[in-house]
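Undergrad:
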Amino acid sequence: GTPERPRLVVSRSARHLFVQIVDDSKSQTLASASTMEKELRTFTGDKTAKAKQVGELIAKRAKEKGVSTVVFDRGGNKFHGRVAAVATSARANGLEF
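My numbering puts the first residue of the sequence shown at 38, with every later residue one more than the last.
Written as structure tokens, this is what we have:
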């Protein structure tokens, strides 16, 4: 990722999902969101529904930091299920990639 177009990194475990927007030139995380956050812990629904919430959250936080376009990094995960849900939700909430 560059300062103009940082990297949207998706990491997942069996239970949780972590998303970060990273500027690799500075090795700096600009924004992050995960299913471990307090407001998402109480959210009821399956893991895919939580992934959609994370997508909305990361898009909102990216806009606050002035980031509108990113490079999607699925981290070796298939573009399916929770990873796809984050991407679709982030796109729907204004992030371009």
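Just so you know, even glycine gets a beta-carbon here, dropped at the ideal spot from N, CA and C.
Bear in mind the structure is a predicted one, so any value in this text is a computation, not a measurement.
1. Determine the burial state of T79: buried for a count of at least 16 other Cβ atoms within 10 Å of its Cβ, exposed for fewer.
2. Indicate whether V108 and R52 have their beta-carbon atoms separated by less than 7 Å.
3. Which complete beta strand (DSSP E) runs does the stretch 48-125 hold, if anything under 3 residues is left out?
4. Quick check on this structure: which residue in A127, A68 and G38 has the alpha carbon closest to the alpha carbon of K87?
5. Output needed for V91: all residues of its chain with C-beta closer than 8 Å, excluding positions within five of it in sequence on either side, in chain order.
6. What is the rounded straight-line gap between the Cα of S105 and the Cα of N130?
TA: Let's see:
1. exposed
2. no
3. With a minimum length of 3 residues, the continuous beta strand (DSSP E) runs that stay inside the stretch 48-125 are 54-60, 65-71 and 108-110.
4. A127
5. L54, V56, A70, S71, T72, L77, V123 and S126
6. 10 Å
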